[in-house]
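>
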Amino acid sequence: MRILLNDTHYTPEKIIGVGRNYDAHIKEMHATPTGEPVLFIKPPTTLCSLSEDIVIPTRYGSVHHEVELAVLISRDGSAIDENAAMEHIGGYGLALDLTLRDMQSTAKKKGLPWAIAKGFDGACPISRHFVAKEKVADPHGLAISLRVNGETRQQGTTAQMIFRLPFLISYISRFFTLKSGDIILTGTPSGVGPLRAGDRLGLSLEAVADVETRVVAGT
Ligand code: MG
């Protein structure tokens with residue numbers, strides 16, 4: 007899938023997920039803060055439009071919603087200095103970091119990777135149109151929320167992020183060269199939970215996106 011920003015199309019080569027970036031979510035997962043960002047990769051085949059029906063797998067246990075601020079990289083870089091990091095951002099969007107939670111829990115217990123739990127086809131519904139960074143005064147002060155069938159399940163603000171964007175971009179680019187078009191998912195506030203076929207979702211990120219969509223069963 008291509009992302010549109012200011013009439014330019016971007017084709018992501020990778021999506022870098024940040025785990026455990028909100029305290030309240032760490033607590034609800036009974037996880038421990040790590041001192042450094044927890045990173046994982048979602049392949050580009052996870053991308054699909056957030057404004058179309060969200061197709062979830064039905065055979066592998068629960069699929070959890072994680073609503074997240076998504077950052078589009080518009081300038082290549084590796085070992086990016088924190089002071090220059092914001093210059094590598096093109097804009098902002100809204101994403102769902104869909105997670106096969108039962109499969110992830112089993113993998114964690116066995117000390118195995120989360121690759122399938124985070125990387126299955128369609129695991130990253132995302133805004134097709136991103137908002138230019140110049141139009142977002144402060145990416146660390148945006149209300150973010152998710153409603154399921156009219157009930158608020160996740161509600162937070164990006165001010166609650168433990169690791170902020172300049173540090174994340176600098177840290178990530180030590181290990182993964184960031185290419186124009188790549189996307190960073192910045193972590194989710196608390197309130198994650200299972201999605202079911204037929205659920206109607208309302209997702210909102212202040213100044214960036216306001217989307218209604220629904221969940222349908224896949225295979
Ligand atoms: Mg997440």
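All the letters of the sequence shown, read from the start, carry residue numbers 7 to 225 under this note's numbering.
Every residue, glycine too, gets a C-beta built ideally from N, C-alpha and C.
When you compare the CB positions of A215 and L53, do they come within less than 9 Å of one another, or not?
no
> Are the beta-carbon atoms of I9 and I47 separated by less than 9 Å?
no
> Give the range of the alpha helix (DSSP H) segment to which K33 is assigned.
29 to 34
> Can you name, in chain order, every residue of its own chain whose Cβ lies under 8 Å from the Cβ of A138, other than the five neighbours on each side?
Counting only residues of its own chain and dropping the five nearest sequence neighbours on each side, A138 has a CB closer than 8 Å to the CB of L11, N12, G96, G97.
> Any idea what DSSP makes of S68, helix, strand or coil?
coil
> Where does the unbroken beta strand (DSSP E) through S210 begin, and where does it stop?
206 to 211
> Could you please give me the residues that DSSP links to M167 through a beta bridge?
Y28
> Considering only the beta carbon of each residue, do V221 and S210 sit closer than 9 Å?
Contact: no.
> Tell whether a beta-carbon distance below 9 Å holds between L102 and C130.
Yes; because the gap between Cβ atoms is below 9 Å, this pair is in contact.
> What separation, rounded to the nearest whole angstrom, lies between the Cα atoms of Q166 and P195?
Between the alpha carbons of Q166 and P195 lies a distance of about 8 Å.
> How is the beta strand (DSSP E) around K48 delimited, first residue to last?
44 to 48
> Determine whether the beta carbon atoms of L148 and T163 lie at a separation below 9 Å.
yes
> What residue from I178, Y66, R81, G67 has the CA that sits closest to V44's CA?
That would be I178, whose Cα lies nearest to the Cα of V44.
> Using only alpha-carbon positions, find the residue among K115, L106, E140, H135 that is nearest to K124.
L106
> Pull up the CB-CB distance for H71 and L152, whole angstroms please, since I reckon it's below 8 Å.
Cβ-Cβ separation between H71 and L152: approximately 6 Å, consistent with a contact (criterion under 8 Å).
> Can you grab the Cα-Cα spacing for the pair T219 / V142, in whole Å?
Approximately 24 Å between the Cα atoms of the pair.
> Do you know whose CA, among G128, A213, G199, I189, lies nearest E140's CA?
Check the Cα spacing between E140 and each of G128, A213, G199, I189: the tightest is with A213.
> Between the C-alpha atoms of D205 and P49, what's the straight-line distance to the nearest angstrom?
26 Å
> Counting pairs of beta carbons, one from the stretch 73 to 83 and one from the stretch 178 to 190, are three or more of them closer than 8 Å?
yes
> Does any CB atom of chain C fall closer than 9 Å to the CB of R8?
The question asks about chain C, but that chain is absent: this structure has only one protein chain.
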